[in-house]
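I have placed the structure first, in the form of structure tokens, so that the comments after it can refer back to it.
There are 4 protein chains.
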Amino acid sequence: MVTRSAPRRTAVLLARGADRKGLVATITGFLYGHGANILHADQHIDPLAGMFFQRIEFAMDEMDLAFTALRDQLGPLMTDLNMDFELFGHEPLPRLAVLVSKLEHCLIDLLLRARAGELRGHIVVVASNHETVRPLTELFSVPFVCLPVTPGLREEQEGKLLTMLAAERVDLVVLARYMQILSARVVQAYPLRIINIHHSFLPAFPGARPYHQAVEHGVKLVGATSHFVTEALDEGPIIEQDVVRVTHRDTVEDLQRKGRDLERLVLARAVRLWLERRVLCYGNKTVVFD
Amino acid sequence: MVTRSAPRRTAVLLARGADRKGLVATITGFLYGHGANILHADQHIDPLAGMFFQRIEFAMDEMDLAFTALRDQLGPLMTDLNMDFELFGHEPLPRLAVLVSKLEHCLIDLLLRARAGELRGHIVVVASNHETVRPLTELFSVPFVCLPVTPGLREEQEGKLLTMLAAERVDLVVLARYMQILSARVVQAYPLRIINIHHSFLPAFPGARPYHQAVEHGVKLVGATSHFVTEALDEGPIIEQDVVRVTHRDTVEDLQRKGRDLERLVLARAVRLWLERRVLCYGNKTVVFD
Amino acid sequence: MVTRSAPRRTAVLLARGADRKGLVATITGFLYGHGANILHADQHIDPLAGMFFQRIEFAMDEMDLAFTALRDQLGPLMTDLNMDFELFGHEPLPRLAVLVSKLEHCLIDLLLRARAGELRGHIVVVASNHETVRPLTELFSVPFVCLPVTPGLREEQEGKLLTMLAAERVDLVVLARYMQILSARVVQAYPLRIINIHHSFLPAFPGARPYHQAVEHGVKLVGATSHFVTEALDEGPIIEQDVVRVTHRDTVEDLQRKGRDLERLVLARAVRLWLERRVLCYGNKTVVFD
Amino acid sequence: MVTRSAPRRTAVLLARGADRKGLVATITGFLYGHGANILHADQHIDPLAGMFFQRIEFAMDEMDLAFTALRDQLGPLMTDLNMDFELFGHEPLPRLAVLVSKLEHCLIDLLLRARAGELRGHIVVVASNHETVRPLTELFSVPFVCLPVTPGLREEQEGKLLTMLAAERVDLVVLARYMQILSARVVQAYPLRIINIHHSFLPAFPGARPYHQAVEHGVKLVGATSHFVTEALDEGPIIEQDVVRVTHRDTVEDLQRKGRDLERLVLARAVRLWLERRVLCYGNKTVVFD
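Residue numbers (the working numbering), protein chains in the order written: chain A, 1 to 290; chain B, 291 to 580; chain C, 581 to 870; chain D, 871 to 1160.
Structure below.
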């Protein structure tokens, strides 16, 4: 039976646990037994950690279980296998909030990709501590919220932010050159669900003004890194990185210009990977099934 | 049961056939049922061609079947599933012949990688139409055969080549800048088992003197392509390609110098992928599970 | 005398001619004699063609000649040296027309870069054979002209295009995924002043549907090429090229998505290089002083 | 007068000083006045530092001054311009010593390039603290010196090393994976004349075991850096860097394998640039005229 027509309903299973024999056969056998057609299957074993990771994307069109029933039945199976798992249906699409300060290049890049259908998610709100990008969001018909940061009132501003994120039922927060450091309170509310773009090849040049640091060190490449936000500044699990060549002729302004191209590409790749459920974390590292 | 120790005996299954439901579950279930521990599993569906491709690497240490018995039992299973398959044990290692003319950079690169343990194969013979590289092969203690090409006697030379390849029980022929065009007779004797390195980004600049062609066209990148040899010159399935940046300042000699670095990297990657049984062909294309 | 402050008025001299001794010394000596401060000087000799190329960027702040007088005096000097030359002041900035069909990614990229100050030029008009991008141009406050293409009336449409380009005193025409082939009449009106982006690594895959061609050939990299438009389709002098890695998993749609990122980068680099007067042509090739 | 034939005698002038008007014109005018034909001229101004850098490569075939006389006359001219300079003739070629421990990949790469004529220099001696690479050096007919390192006797070993380097009149010391830290005494004897390859993208992961550090941090790219050796470990001026993509599947052994390809390319580029007199230092940075 050749599968020539695209499936209408798909799902993704992410699973993680101590490695043991038979994990692939047991899980794929269960899915097949209920009529799933496996479209993509990736797995990874970290032999040092003794950990097993799996991503299975499958068509549900001919399954004998609805999505909720499938999740309910997977629970005991995965418990038996001593594994954590998440199951994602093809809908509803994840809801994204994009946080930004004044620089617009990463934001507009995400808005364009969303409009072009590149992202399996909805940008439901853009928030900023400035008014700068409001007209842009209006062009794309995306709600905008300005949450100014006043010295001494950061706690209050973050309270408003958390209230807004909750009201919008946000699944992923994207820091698209947001120039504020989030407190532990916000980070803990969205564990491994905040993605940042840092404009250096981490762990080189964390913190402020990485392009200035790069020029001072005379490096021949500058980078950008997209990572999950944790309480340790610029030290969360890395999802994606890339670099671009620079020379002695490049000033800080040139690095900023070259960096803009790099930042938007690297951030967009990381967001896309997350939305397609291709990213698993363990320890301070990621497994990226691309 | 955490698999902390490296398996002693592994095998790779490559399979290919019309796509249908249950292929992953059936195959992995069969292997698991006989005690295999799956180390890596990759699959690919080409929805346009309706084709399914799979590579499974598994540990045999705790299997209840020896290698030959496993292959015998896979036969009927795969026939039922309407699939072609190949099964490769961890030994014996594939036997390689490297054919070369006068340029030594690709040959020495392969010899070095073999010595460093990067290649899962043995270079059992080096053949050339010149004597140039003989001392190099002696340093690496690899047998060398000189098969000079005399005008009008190509058929005879190829006869000697085929005899030698058969005597050495060669699994893969690597053309590491071999400046002769093989006749259909040789190509047919080693179908999809001859890998060539061509010094351009194919399909641009096939045939002779690609770097001269590149300079004439004023391209800003030059490439190298490793592909299977078929009867259509420089048109066999592509395994690996890469490019390097050039400028107006680069002469043909500069392109040759930059190209040497590229050629050896691209050829080595293709050979390595083949030796690890990561390359499947269909039509005039490859599926590369890297 | 250390030049710590940025010069207020700069100029660029591009010169080209048969190579001979003393060209650098004579030209830089002339400029220095009139008070110029040389900021950047690049030169190239093509020994095969016997050609010499030079780009000099210099500060005019302390010169004893105004821009027009300088150009008048350079004329006889260059005639003596048997060289062609062009002299460009820091103003007025070049005037660009961007031609586009329905795909917006290259256009918006150029509009963003113009707004960010990355381009030393003004986008004075956007023209299209469709209405699709009109709202976008309005957001950026750039005039938009719709010039629909009706079968049998191409000549008339191109007449309107030429009239519009002349009225806007356009210096450079950028084809940012404009899906029409310009006739010789338009090409001849803007010799080496029309830049196109083609979505392949030329000379591979010229003409229509290059991503489909790439998938059919099973290449492992896809490219984009920005080149001057000549009467030979997709064969004009190449300004800039780049590639991105693809695999057997990538469909035509994936190539189009990856290609969009590449196309906009490659086109933007080519336009930027032209605007900074870094591109010289000879034969069917370019010298790019970057 | 078209220069179709390659010049027989060339020279390179490297000059550096505070920026001021007329430097290019004065220097090129002087050379032209004595019959030089300028083949390549590069310059750079660092506006923040107020520094000017120049590299001029020129043919001496028709000059009215011999090399020594030229250098003598350049002295007062450069003093007037308040500039440092170095003048290099096309011969004698620089003399290189390569220091290595047990890993052979960088050494053999340099030996091959020297034999292929890629390097404008002679490898006059290879020294190691082990015997491992002796057979390799014999194949290439390069003298080998074993200088074992005994605990407590490092000073004595370095004394022998310095004596040997002096006896061989070495111009450049290349550390091609030499696993010993040189003392200040050696570094000071060869200021900016010792080039090291470090197997990370510095300043990330200095010191020992950078690939292990990279795996622990979960980075998605690993790098290599070639730099001048100063008394601050792994902090000298960077000449060249590059990176290669890695994934969660790559073990430390995979990184070492990928790294070997990167290290030899990056080190070879740095050595080549130095030998062609394209590298100037200031502060802790380099100007590389490539």
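Heads up, the beta-carbon is just placed ideally off N, CA and C, and yes, glycines get one too.
The structure presented is a predicted model; accordingly, all values stated were derived computationally and were not measured.
Query	Result
Cut-off 8 angstroms between Cβ atoms - residues of its own chain near V1116(D), not counting five sequence neighbours on either side	A1084, V1089, K1090, L1091, V1092, D1124, L1125 and K1128
Beta-carbon gap between I558(C) and L813(C) smaller than 8 angstroms	Here chain C covers residues 581 to 870 and nothing more, so residue 558(C) does not appear.
Environment of E104(A) [buried if 16+ CB atoms lie within 10 Å]	buried
Contacts around A911(D), its chain only, beta-carbon distance under 6 angstroms, and the 5 residues preceding and following it disregarded	I926
Contacts that E820(C) makes with chain B (C-beta to C-beta distance below 8 angstroms)	K510
Beta carbon of A560(B) nearer than 8 angstroms to that of E530(B)	yes
Y282(A) versus P237(A) - alpha carbon distance	8 angstroms
Meets three-Cβ-pair contact criterion under 8 angstroms: the stretch 177–191 of chain A and the stretch 109–116 of chain A	no
Segment contact flag, the stretch 148–165 of chain A with the stretch 122–132 of chain A, C-beta cutoff 8 angstroms, min 3 pairs	yes
Residue of E1146(D), L884(D) and T1156(D) minimising C-alpha distance to L963(D)	E1146(D)
Backbone secondary structure at Q760(C) - three-state DSSP	coil
6 angstroms CB neighbourhood of N284(A) in its chain, flanking five on each side removed	P237
Contacts around T576(B), its chain only, beta-carbon distance under 6 angstroms, and the 5 residues preceding and following it disregarded	P527, I529 and V569
Under 7 angstroms by beta carbon: chain A residues contacting R1119(D)	H44
Reduced DSSP secondary structure (H/G/I, E/B, other) of M658(C)	helix
Inter-residue Cα distance where the pair is G669(C) and G207(A)	41 angstroms
Nearest-angstrom beta carbon gap, F53(A) and A11(A) [assumed within contact, 8 angstroms]	Not confirmed; about 17 angstroms, so no contact.
Beta-carbon contacts of V565(C) that lie in its chain and below 6 angstroms, excluding the five residues immediately before and after	What is shown of chain C runs 581 to 870, which leaves residue 565(C) out entirely.
Buried versus exposed call for P656(C) [16 or more other C-beta atoms within 10 Å across all chains shown]	exposed
Best match in T608(C), E736(C), D841(C) and R589(C) for proximity to A595(C) [C-alpha to C-alpha]	T608(C)
Below-8 angstroms beta-carbon distance, D841(C) vs any chain A residue	yes
Distance, Q73(A) Cα to E138(A) Cα	44 angstroms
Presumed contact (8 angstroms Cβ cut-off) between A888(D) and G920(D), rounded CB distance	6 angstroms
Backbone CA spacing between L661(C) and Y612(C) [nearest angstrom]	18 angstroms
CA-to-CA distance, A939(D) to T1033(D), given in whole angstroms	32 angstroms
CB of M368(B) within 8 angstroms of CB of H324(B), strictly	no
Residue closest to L1023(D), alpha-carbon to alpha-carbon, out of A1036(D), V1003(D), S1011(D) and S1053(D)	S1053(D)
Below-8 angstroms beta-carbon distance, F201(A) vs any chain D residue	yes
Residues that DSSP places opposite E666(C) in a beta bridge	L594(C)
Distance CB(A466(B))-CB(L557(B)) smaller than 8 angstroms	yes
Close beta carbons around G121(A), own chain, < 6 angstroms, minus the five adjacent residues each side	L93, P94, L96 and L275
Straight-line gap, F579(B) to L355(B) (C-alpha atoms, nearest Å)	26 angstroms
Extent of the continuous alpha helix (DSSP H) run through R264(A)	V252 to L275
CA-to-CA distance, D931(D) to V872(D), given in whole angstroms	Because V872(D) sits at a pLDDT of 41, beneath the cut-off of 50, its placement in the model cannot be relied upon, and the following sentence gives the value as read from the coordinates. Those two C-alpha atoms are separated by around 15 angstroms.
Under 8 angstroms between C-beta atoms of Y1081(D) and V970(D)	no
Residue burial classification, L13(A) (beta-carbon count within 10 angstroms, cutoff 16)	buried
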